[in-house]
Structures are given as structure tokens and as C-alpha cells.
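If you read the sequence shown in our numbering, its first letter stands for residue 1, the second for the next number, and so on.
Glycine included, C-beta positions come from ideal geometry on N, C-alpha and C.
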Amino acid sequence: MKKIFFSILLTSCIYGTMNAQDTAKTNAVLKSATVYFGYGAELTHQTNTTISKKTKQIIINNLATALDINSLQINVPENVALLSQKFNVYYPTQAVIVNPMIKKWNDSILILRNEISRINNQIDIEQQTMDKTGKLIELTITGNGNKTITSDEALKLVNAYTTKIEKAKTNIFTLGESKANLSQKINLLQQEINEASTPTPTKEKPYGQLCLQIVSNYAGEIPITLSYFTNNAGFTPLYDVRVNSKTNEIKLVYKASVSQHTGIDWKQTKLTLSTANPNWSGTAPILNPWYLQFFVPKLFNAMQNNSRSNLAYNTIPGVSIAKDEEMLKEVIIESDNVYKKSKSLTGSYQTINPSNLSSYTTLNESQLNTNFEIDLPYDINSDGELQSVVIKEEKLTAILKNYAVPKLDKDPYLLAELTNWQNLNLLPGTANIIMDDTYLGKTMIDPNITSDTLNLSLGKDKRIAVKRTLVKELTTTKTSGSTTKQIFTYEIVLKNNKTTDVQLLLKDQYPLSQVKEIETILGNNDDATINEELGVLNWQINLKPGESRKVRFSYTVKYPGDKKISNL
């Protein structure tokens, strides 16, 4: 029995020693991050570790806490065979920090207490001396010592006793004050100790840990590179549109609001912003034959279930088509949150020219997406807060035009017409409008249009006055027989209060009818360009500084006299 126990103990010791020797540990360093539009990021780590021929596993720390294990890519040298990998989240033991001053305070209290003990001894000596002196004088005066003393001798004894008592009591009082001061110091030190005695645990965040099982006959240092996808990061586009009204030059500043809560802080990390998103579906639907059936309740329900199943399974892999609702859930971020939480990133910029940041951005395009590779080191903490990253700047030549729809808004708007905008690699996002170094507000950039011209609304232009009125003397209502005829005449007055020429697109409309009983006729329109399908009137108007212009148009509406039109 003893032999068996000794054998088991020896085996355990050898196994434990071997486990300690066959494991190599290392901390991964985040080198780059590809952040995707909406949410998602691919993180790339590098590390070096030393192994021996006995090494069986390598433990890599400081990875993201939530990653897609199926996306994990690991590169090791050819002389190392990777057998398997296992990922888990490691929660560090909370180390307790003890205040180093507590020991000093306790030592000080010990010294003060010793001093109080010494004072107590001195007080006892003074008290005993005073008591014994009083008894001695009392015995001498009463004659208990069988010796008769004169009155002069008695008076001298009383005076000596009084002096002795006075000195003793003074010493006792002084010693008592010293003792009280020392006790107060002890109380203050004890209070400090009580406040500092509560142990403060260090707040170490959990991190991802990867365990690699390997086989190798090599001994020495090896490099390891690994990458993976995580959902806990992403970016949304943001723009600054800077307009010079004198030269009509527009500077478009590309930005990205980046956030991440991967569980690890990104330190000195190179960023790549990608318009792709791995979260979007990678399969396209296939149409099945559509057979018509008469409506039978049970059969109809069964057909609906079958159609859902076919949509799920009959797909073509490798092609991405995202549903609108899914895209909205992935992309939309409240604009208020963007501006309340935005803050600038910090990085190592000692050798970077801040006036030419766009030169550090490389644009790589593929058939499906565009990547902005920023060759700058960034620091982004894992706190989920939005942080602004400047990507690049583009100088654009635009045509500035004014646009007015006085029926809907009394103020005209200033528009910037951009041509050849398809090469700008724009994403839908919010843009800050800054004209002549003055912030004017926000607008939206929506590149998902089919026209050749992209119009950017730069805000209201109150230096142009527009007034739309109904000309009452030319507006009539007549009923003849069973038909009612109404004529409407509107006048629009425009005035340029600028010191420069103005090109203005003026729009208005006349009603259309889809009912046979209602007839609409456009009358005078002051040479407007007419879109008959929409019932829209367009005037291209050029105004000199201080110039005014009037535009009139009228239309007639005929309908049965016994009926009314609700929205006329």
C-alpha cells in the first residue's frame, strides 16, 4: 500500500513539473484594426515567445473578450505544427493593495503609548511624594513621633509642605496636558488607520486568452501572428463641408466616428476603415416557380410556410444582399450621441505633419468595398465612446445655386451642385456645414441616388427675399349650370440683397387630377419649364445685386357644382 501511494505521489510530482515546463506564455500586441461600416472589426495581433522541444502548449493573453472563433486565423513558423486552439475569457484575481502608511502609523502609535506610560509613571511618583510628605508632616505636628516641636518649627514644616505640594500639583497638571495631547495624536492616527485599512482591490479587466496545442522539435524564439473578427467595434461616417463662397471652392473632410468595447484598449494601433460589413448576409435568394391557387385557408397557410423555407434554403452562396430593416439596425446611430460623446483621438505624432494628414491615408478599392488605410498610430480605449478620426480631405469645385420653394418654405436654400461625385467614395452620413469659417448647421449626404449631380444643401440663405401671395383680383370662383370654375393666380416676388450675382432655381406647382369630373388647366406661367407628370413649375432666375423680379402663374380648376374638393 505504501509503495502504491509513493508511486502515485511520484507520478503527480513528475506530471506537475512537466506541465510547468511544457507551457509558454506570452502577451499579444495589437498591431492593426480593420473597422467596418456599422459595426464589426478585424483585429490583428503579433507576439514572440520562446519555446523548447518540450513545449506542448502556448498561452496567448490580452485578446478581445468576444470574438468569432470561426474567423480566427493563426500563423506560426513552418517548424511548428499547430494541433488545436481553445479560446476562453480570463478573469484576473483581484489583487489587494495595502496602504504602506499603516505600518508607519502603528509604529508611531506604539511610540506615543510608551511616552504616555512614562508620563503616567511620573504622575504616580509626584502623587506618592505628595501623599507621603503630608503624612510625615501630620505625624510630626501631632506628636505621634514622641517629639515636641515648637510653633516656629511647625510653621516651617507647613510652608515646606505647601511649596512641595504646589510643585507636585503643577508637575501633575503639566504631565496631564502632555498626556492628553499624545492621546489626541493617537486618536487621529487610529482614525487614519481605520480609513486606510479597507483593502482596495485593483481593477484589472478580463481579457481573452488563447491556448495553442503545438508540436515542435525547434528550440528558440518564434513569431506568432493571429487575427479574428469581433462585433464590439464599428464606425459611422461623418463629414465637414467647408465652403468658400467667394471662390465656390468646397473642401470635403472625411471623418469616422469610431467606437469599440472589445475588452482591450487599442494602443498605437493602425486603423483601416472599410465600407464592407461581414455581418451582412453572404447569400442571395433564388426565385422558385410561382403557381397560382384558389384561396383555401389551410392550404394558404401551408404555402406561406413553404415559401419561407424556400427563401431560407434556396440561396446562392458568396453574394451579399442585405434587407433594409437589417441595415437600419446595423447602421443607425443617434446623431445627438455622436456629438455629445465625440472626442479627439490621441496618438504618437512626433514625426507627423499635421497640415497634411490626408497623405497618410491610402485608398484601396475592390468590386464590393472600399478600404481607407490610415498609416498613423491611434489610441482608442475600450469604453464604447465615439471618437472622431480624420480620414482625408478632398477639394471640390462646385456650382453654388439658390433653391426656393416658397409654397413650402419662405426662405430660399443655398445648394452646392457636385458633378463626378461617384469617385468620392461617399457613404450615407451627417455633414457639418461650415461656410467662410462660420458653422451653419447640419445636412445629410446620401450617395444612394441615380442622378449625375449630387446636391448638398448648405442651409437657408436669408439674404434673398422671397414672398408668395395670392392675387385676389385675379382669383375668382364662378358656377355656371352644373359646373364650378375656380381660377387661382399667385405672384412671387424675389429680391437679391447680396453684393454678388445670384442664380436661383424657383419651384412651384399646380394641381393635377386623377378624377374625370375634375379638370385642371395651367394658365399663364411666365415661361416656366413644366413637368406635366408632377405638376411642377421651374424658373431659372438670375438676379444682379439689389435686383428684384416678379413671377406670376395661374391655373383653373373645373368640377361638378354639387361637389367640393377637400384639398384645393
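The Cβ atoms of residue 192 and residue 105 lie closer than 8 angstroms to each other. No residue range can be given for residue 385, since it is assigned to no beta strand (DSSP E) and is classified by DSSP as neither H nor E. Check the Cα spacing between residue 470 and each of 368, 261, 407, 217: the tightest is with 407.
Judged by DSSP in its simplified three-state form, residue 500 adopts coil rather than helix or strand. Shown here, residue 31 sits in a strand according to DSSP, grouped into three states. In this structure, the straight-line span from the alpha carbon of residue 137 to that of residue 124 is close to 20 angstroms. Residue 543 is a Cβ neighbour of residue 549, given a cutoff of 8 angstroms.
Here residue 102 has 193, 196, 197 as same chain residues with Cβ atoms under 8 angstroms from its own Cβ, once five neighbours each way along the sequence are excluded. Here residue 413 is not near residue 423, since their CB atoms are 8 angstroms or more apart. Non-local beta-carbon contacts of residue 90 in its own chain, meaning distances under 8 angstroms to residues more than five positions away in sequence, involve 61, 206, 207, 208, 209 in chain order. Per DSSP, residue 81 is one residue of the beta strand (DSSP E) stretching across 80-90.
With a cut-off of 8 angstroms on Cβ pairs, the stretch 45-61 is in contact with the stretch 219-229, counting three or more such pairs. According to DSSP, residue 274 shares a beta bridge with 36, 371.
Inclusion of residue 468 and residue 490 in the CB contact set at 8 angstroms is warranted, their separation being smaller than that value. As computed with DSSP, residue 515 is found in no beta bridge at all.
The Cβ atoms of residue 76 and residue 82 lie closer than 8 angstroms to each other. Taking all protein chains in view, the Cβ of residue 237 is crowded by 16 or more other Cβ atoms within 10 Å, so the residue is classified as buried. Proximity to residue 365 across 383, 176, 273 peaks at 273, based on C-alpha coordinates. Annotated as distal: residue 447 and residue 474, with beta-carbon spacing of 8 angstroms or more. Rounded to the nearest whole angstrom, the CA to CA distance from residue 204 to residue 265 is 12 angstroms. Secondary structure note for residue 240: its beta strand (DSSP E) is the uninterrupted segment 233-244.
By the CB criterion at 8 angstroms, residue 445 and residue 239 fall inside the cutoff. Here residue 451 is exposed: its Cβ has fewer than 16 other Cβ atoms, across all protein chains shown, within 10 Å.
The C-alpha of residue 370 is placed about 45 angstroms away from the C-alpha of residue 22.
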